[in-house]
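Remember, my numbering sits 9 above the position in the sequence shown when you count from 1.
Heads up: the structure comes next, in structure tokens.
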Amino acid sequence: MEINKDTAALYDGIDDETKADALSGLYSVVYCPVCGQKTLDNYYICRRCGWEYDYSVENRFSTANRATLRNYRKRYLQATKRGEEGNV
Ligand SMILES: [Zn+2]
């Protein structure tokens with residue numbers, strides 16, 4: 010499959026596995042609301058921070074993530090500061 014310039018830019022900064030899933034056509038590329046890295050929508054789990062993209066709003070408890078988006082991000086940032094990225 011030939012990838013044009015726009016498509017290449019879309020997948021810029023995405024790891025190979027996520028990119029392969031993106032190319033399946035089941036997902037769209039979005040920015041993770043927790044860590045800001047590109048991830049996929051449709052309940053995809055961010056490979057950097059582990060947040061499941063479940064269309065949560067800031068202060069509503071997310072069952073899938075067992076936290077609100079705000080609290081999860083807070084914990085992620087604290088873990089990152091301690092050098093424990095990915096262990097939220
Ligand atoms: Zn993330």
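Ideal Cβ positions, reconstructed from N, Cα and C, are used throughout, including at glycine.
Just so it is clear, the structure is predicted and the values come from calculations on it, not from any experiment.
Nearest CA to the CA of residue 53: which residue from 47, 46 and 62?
-> 62
Please go through the stretch 17-94 and give each complete beta strand (DSSP E) segment of 3 or more residues, from N-terminal end onward.
-> 38-40 and 47-49
Alpha-carbon spacing of residue 20 relative to residue 38, whole angstroms | 8 Å
Could you check which residue in 80, 72 and 73 has the C-alpha nearest to that of residue 2?
-> Residue 2 lies beyond the range of the chain shown here (10 to 97); nothing can be said about it.
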